[in-house]
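Numbers given in the numbering used here equal positions in the sequence shown, counted from 1, plus 1. Notes follow the structure.
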Amino acid sequence: MHLLYPQICFGCGTDQVEKAMPLCTQCIQDLPFTDFFSINENPVEKIFWGRVQVQYAGALLFFTKNSLVQILMAQLKYHHNKKVGILFGYLMGQAIVSEQKFEQIDLMIPIPILPSKINSRGYNQSQVIAIGMQQVWNRPIMQDVLIKKNWSNSQTKKDRKARLQQVPDLFFLQNPACIKGKHLLLVDDVLTTGATLEAAIETLMAGSPASVSIAVAAYTL
Ligand SMILES: [Zn+2]
């Protein structure tokens, strides 16, 4: 089996990789880390200024076109390569566990995807990242609070009006009592405009959490 499907590093192609890892040690070290979790008023936090109340926010890696991070993200989202999500989560957990400001966080909430997507992909990539984080940063993951709306089943005129609003109406809140008074950390894979996270936070705010912070694996430059 090893000869047919050699385990190689997605960065440099060496076969000197540990079984559970998509990258060799050197390529992990060479990833484009942002260090944002240790920087106050970093570019990810600034994205949400004037839009929605975010306590702390950060991204693990810079995401650029034709980069190793883009290849890894495609592996995670379209090629059933769960190991990438676990590694991203593990590294993000390491970045967060050393920051005192994140100690207050009570719960992690991965950005949900539709059940139909989970069926084709095998998992929710944001949840896999959160599971990787748990290896070094022990916080529970809540999956039944923030729920993705299925627009394809409910495209009425009223919905169309909602879609034209500035903040997309993507989610609904379930079991709001679970987040009341809690410090939440939203976990997502890639941050571009912030519209998805903004919509998620607006939905969560209806449950009166104490605060909402954000951790994303990659930030688009
Ligand atoms: Zn390598």
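C-beta atoms are modelled at their ideal positions from N, C-alpha and C, and glycine is treated no differently.
Counted within 10 angstroms of its Cβ, other Cβ atoms place residue i as buried (16 or more) or exposed
i, result
"I106", "buried"
"W50", "exposed"
"Y91", "buried"
"V129", "buried"
"E203", "buried"
"A96", "buried"
"F226", "This structure gives no information on residue 226, because the portion of the chain shown stretches from 2 to 222."
"S209", "exposed"
"Q126", "buried"
"N82", "buried"
"G59", "buried"
"Y220", "buried"
"K94", "The amino acid occupying residue 94 in the given sequence is Gly; Lys does not appear at that position. Label assigned to G94: buried."
"I21", "Going by the sequence as given, residue 21 is Ala instead of Ile. Exposed, since its Cβ has fewer than 16 Cβ neighbours within 10 Å."
"L222", "exposed"
"A207", "exposed"
"S214", "buried"
"I112", "buried"
"A218", "buried"
"I40", "exposed"
Bridge partners - residue i, DSSP secondary structure assignment
i, result
"I148", "F173"
"M109", "I142, L186"
"T221", "F64"
"L192", "Y220"
"F34", "L62"
"S121", "Answer is none; S121 lacks a bridge partner."
"I130", "Partner(s): none; I130 has no beta bridge."
"S214", "L186"
Anticipated Cβ contact below 8 Å, residue i with residue j, distance rounded
i, j, result
"K149", "I114", "6 Å"
"K183", "A211", "6 Å"
"P23", "L73", "7 Å"
"I119", "L147", "Going by Cβ atoms, the distance from I119 to L147 rounds to 14 Å, so no, they are not a contact pair."
So does the stretch 192-202 actually touch the stretch 41-61, counting three or more Cβ pairs closer than 8 Å? Taking a cut-off of 8 Å for Cβ pairs, the stretch 192-202 and the stretch 41-61 touch, as three or more such pairs fall below it.
Closer than 8 Å is the cut-off here; do at least three beta carbon pairs connect the stretch 174-189 with the stretch 22-32? Cβ pair count under 8 Å is below three, so no.
Is there contact between the stretch 133-140 and the stretch 81-91, where contact requires at least three CB pairs shorter than 8 Å? Between the stretch 133-140 and the stretch 81-91 there are three or more C-beta pairs closer than 8 Å, enough to call the two in contact.
Who's in the neighbourhood of ligand 1, going by beta-carbon under 6 Å from any heavy atom, listed in chain order? After applying the 6 Å Cβ criterion, the set is C10, G12, C13, T15, L24, C25, Q27, C28.
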